[in-house]
Amino acid sequence: MQRRAHPALIAFAVLTFLFLIGPLVIIVGAALSDTSYLTFPPQGLTLHWFQNVFEISAFKRTMITSFQLAVGGTALSMAIGIPAAYAMARYRIELPRFLGNVFVLPILVPEIVLGFSLMKSVAVGSGVPIMGALLLGHALLVLPYCVRVVGASLNSFDFSIEEAAVSLGCPRWKAFFTVVLPNVKPGIIAGFILAFITSLNDVSISIFLTGPGVSTLPIQLLAHMEQFFDPTIASVSVLLMFVTVAVMAIVERTLGLTFLTK
Amino acid sequence: MTVSLDLSDVTAHYGNTKVLEDLSLHVAEGELVSLLGASGCGKTTTLRLVAGFLEPTSGRIKLGETDLTRLPAHSRDIGLVFQTYALFPHLSVRDNVAFGLKQRGEGRAARQRKADEMIERVGLAGFADRFQANLSGGQRQRVALARALVIEPRLLMFDEPLSNLDAKLRVDMRVEIRRLQQINGTTALYVTHDQEEAFSISDRVAIMNAGRIMQLDTPEVLYSRPANLFVADFVGFENVIPMRAVAEAGDAVRAEIEGGGMIDLPKQHYTVPAQEFVLASRPEGLLVDTADRTDGLPAKLGLRTYLGRAYQYQCDTTAGPVKANGPLGTPREEGEIVTLIPQPEQCCLLPREAK
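Here the protein sequences line up with chains B and U, keeping their order.
The opening residue of the first sequence carries number 1 in the UniProt record's numbering; numbering runs sequentially from there.
The opening residue of the second sequence carries number 1 in the UniProt record's numbering; numbering runs sequentially from there.
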């Protein structure tokens, strides 16, 4: 016997789905509209606005900056985050318990507060160049993802394996690279991707740290919108969305999305 | 070249907790010694100290002429087999086994050849290209064994290597471990909580409790001549009957049983260790007989259970409850008054200890 879902339940599920997917449909539609202002449903179809994105040099420039930041910030964050996650997993008993929560703080503190305090302390306070401040800010922003996701992998790692390598004549530092890292690689890749996307889409930290001549794509998007209310904005959004979806698709294909929700 | 392992006066702490106290242990060349005890007795701590994963607070550890005490773990030349197998999941069986050879700078061809030989020797020919995920528990432990043996270490150590295997496999694997250990005559230290396992394959066994070795001897001596009450209880001397020597009675010592009653202990079988002592026995060490004998303990029979080779009785004596066995031919009833005759080969006299 098959149980049938209550019609109201189905209706509720459909509404939720529409609520989630609706804005995405609207933005794609708006990006294709053959008008000089944002509108939905699209009137006429054109790819002109996508072309426009690559013709406006500010978009091109900030897009490169955004990718540089996402790669650099995540790499920097991993360089700090992996050893931290390792220490917390390896010496779980010896280390104070609150330490794990410290690494989630950048998520818990409202990003706008984080951005503001970074501007005060790093960008203005110590005269670090804009790109450097942005790099630090983004590294801090994505650190929780790196520590948490890599940490989840390390927590299920049997450290006897590392000891086995040491007993077979492998120095500890070398055992970390030859035995530990290869076995938490899925966690590192997943953490990297999650952090990459977070950095790429960030507004609230970047808005405080960008300055003359240096901006990121989402910030440029805001600036553009204040002057021109044309479908270029929608096109940039669609492009960002596609990058995100593509990256997620790679994760799903290689590791499975369930990995991120662990 | 076989060497001996020597621990002298080793003390170790976890934080402020003392887990080993002045432990000394000598494992002779080519000998297999087991550390046996309940969890928390310090046996794994001892192994980890020798492996170099922990540092002792004081004392020395020597392997042959090499002082291991402050030597980094990776320079100790010890083959280690873990309870969780600890295979490298990202490497094939062959690369797992060859790992130690690679660390020793052996060429690719040589280490592949040696690895394949060892894989064959542990009975895994044809499995060299598999990964851990495609091996059973027993096969994994064989790989772990091969990996530890192939580097021809000066010392082999086993940390509960069979605990994750099922009962039948455990028996096969321990024979295998003993066989492989004896091929090269490698000195070995074996940690387990399983008495049968330790006794069956060890040259000598150290029974441990609360960070000390209670007795270190051959399984045969431990089994029949425990040196103290802890070891006696550990090897199954369940009955502990306190008594006190009072007189000589010909070629026997007459003793007064606590709570009343006398017993004559023949000198040819028993040496009384002190005036106040206990008689410890296994259930089969007390044989139920008729009430008219003077060389036994008076007792009243309680519940009878059938063991296949004998009956076992819960008995009440003046010194408290004990378990005794009786022959199958003559089942006795609850409430009968009998004498329990100690069987010298299943009993021993030990000094009393402050509880």
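Virtual Cβ for every residue (Gly too), placed ideally from N, Cα, C.
Quick caveat, the model's predicted, so the values are computed rather than measured.
Within chain U, the residues that Asn183 of chain B reaches when beta carbons sit closer than 9 angstroms
Phe88, Pro89, His90
| With a Cβ-Cβ cutoff of 7 angstroms, do Ser204 of chain B and Gly115 of chain B count as a contact? | Yes, the Cβ-Cβ distance between Ser204 of chain B and Gly115 of chain B is below 7 angstroms.
ask   = Alpha carbon to alpha carbon, what distance is there between Arg179 of chain U and residue 376 of chain U?
value = This structure leaves residue 376 of chain U out entirely; chain U is present only between 1 and 355.
Using the rule of at least 16 other Cβ atoms within 10 Å of the residue's Cβ for burial, across every protein chain shown, is His6 of chain B buried or exposed? exposed
Coil, strand or helix - Ile130 of chain B by DSSP: helix
Within 10 Å of its beta-carbon, does Thr16 of chain B have 16 or more other beta-carbons around it, so buried, or fewer, so exposed?
exposed
Answer yes or no: does any C-beta atom of chain U fall closer than 7 angstroms to that of Gly151 of chain B? no
Identified DSSP bridge partners for Met243 of chain U: U:Ile257, U:Phe277.
### Task
Can you give me the Cβ contacts of Gln43 of chain B inside the same chain, cut-off strictly under 7 angstroms, excluding the 5 residues immediately before and after it?
Ser33, Asp34, Thr35
ask   = Taking 7 angstroms as the CB-CB limit, is Phe99 of chain U close to chain B?
value = yes
Review point. Counting contacts by CB-CB distance shorter than 7 angstroms, is Thr84 of chain U in contact with chain B?
Key: yes
Discussion item. Taking DSSP's pairing of strands, which residues face Tyr313 of chain U in a bridge?
Written reply: U:Arg304, U:Ala324
Assuming Thr74 of chain B and Ala195 of chain B are in contact, meaning their beta carbons sit under 8 angstroms apart, how far apart are those beta carbons, in whole angstroms?
4 angstroms
- Query: By the 10 Å Cβ neighbour count, where 16 or more other Cβ atoms means buried, how is Pro212 of chain B classified, buried or exposed?
  - Reply: The residue is exposed, with fewer than 16 neighbouring Cβ atoms inside 10 Å.
request  = Grab me the residues of Leu101 of chain U's own chain with a C-beta within less than 8 angstroms of its C-beta, minus the 5 sequence neighbours each way, in chain order.
outcome  = Ala110, Arg111, Lys114, Ala115, Val150, Ile151
In the DSSP output, which residue or residues are listed as bridge partners for Thr339 of chain U? U:Asp289, U:Pro298
*Applying the criterion that 16 or more other CB atoms from any shown protein chain within 10 Å of the CB defines a buried residue, is Gly320 of chain U buried or exposed?*
With fewer than 16 other Cβ atoms inside 10 Å of its own Cβ, Gly320 of chain U counts as exposed.
So if I threshold CB-CB distances at 9 angstroms, which residues from the stretch 61-80 of chain U count as touching chain B?
Pro72, Ala73, His74, Ser75, Arg76, Asp77, Ile78, Gly79, Leu80
Just the Cα atoms here: how many angstroms apart are Asp6 of chain U and Asp159 of chain U? Asp6 of chain U and Asp159 of chain U: Cα-Cα distance of roughly 18 angstroms.
Query raised in the report: Taking Tyr37 of chain B as the reference, which of B:Ala249, B:Val236, B:Val245, B:Thr232 has the closest Cα?
Result: B:Thr232
| said: In whole angstroms, give me the CA-to-CA distance for Gly329 of chain U and Cys315 of chain U. | reply: 19 angstroms
- [ ] Could you check if Glu162 of chain B is buried or exposed, using at least 16 other CB atoms within 10 Å of its CB as the buried criterion?
- [x] buried
Return the chain-ordered list of same chain residues with a C-beta closer than 6 angstroms to the C-beta of Leu47 of chain B, the five sequence neighbours on each side being excluded. none
For Asn344 of chain U, the nearest candidate out of U:Leu36, U:Pro56, U:Val205, U:Arg225 (CA to CA)
A quick correction: the sequence has Pro, not Asn, at residue 344 of chain U. It is U:Arg225.
(message) For His269 of chain U, tell me which candidate among U:His13, U:Val253, U:Glu276 has the shortest Cα-Cα distance.
(response) Proximity to His269 of chain U across U:His13, U:Val253, U:Glu276 peaks at U:Val253, based on C-alpha coordinates.
Output needed for Thr261 of chain B: all residues of its chain with C-beta closer than 6 angstroms, excluding positions within five of it in sequence on either side, in chain order. The pLDDT assigned to Thr261 of chain B is 49, lower than 50, so where the model puts this residue is not dependable, and the model offers no usable value.
Item to complete: Taking all protein chains shown into account, decide if Ala70 of chain B is buried (16 or more other Cβ within 10 angstroms of its Cβ) or exposed.
Response: buried
inquiry  = According to DSSP, simplified to helix, strand and coil, what is Thr261 of chain B?
reply    = Note that Thr261 of chain B has pLDDT 49, beneath the 50 cutoff, so the model's placement of it is unreliable and the number below is only indicative. Helix, per DSSP.
Would you identify the three-state DSSP class for Ser39 of chain U, choosing helix, strand or coil?
DSSP places Ser39 of chain U in coil when its eight states are reduced to three.
* Asked: For a contact meaning CB atoms closer than 9 angstroms, what does Gly187 of chain B contact in chain U?
  -> Residues of chain U passing the Cβ test: none, with the nearest at roughly 13 angstroms.
*Can you find a C-beta in chain U that's less than 7 angstroms from the C-beta of Ser167 of chain B?*
yes
- Message: Report the start-end ranges of each alpha helix (DSSP H) in the stretch 95-182 of chain U that is 4 residues or longer and not cut off at the edges.
- Response: Entirely contained in the stretch 95-182 of chain U, the alpha helix (DSSP H) runs reaching 4 residues are, in chain order, 108-121, 137-149.
- Interface flag, Cys170 of chain B vs chain U, CB-CB below 7 angstroms: yes
Practice problem: Run down chain U in chain order and give the residues with a C-beta less than 7 angstroms from the C-beta of Ala164 of chain B. | Solution: Leu80, Phe82, Ala86
- Beta carbon proximity, Gln103 of chain U to chain B, threshold 7 angstroms: yes
If I'm right that Leu35 of chain U touches Val288 of chain U with Cβ under 8 angstroms, what's the distance once you round it to whole angstroms? The Cβ separation is near 38 angstroms, so there is no contact.
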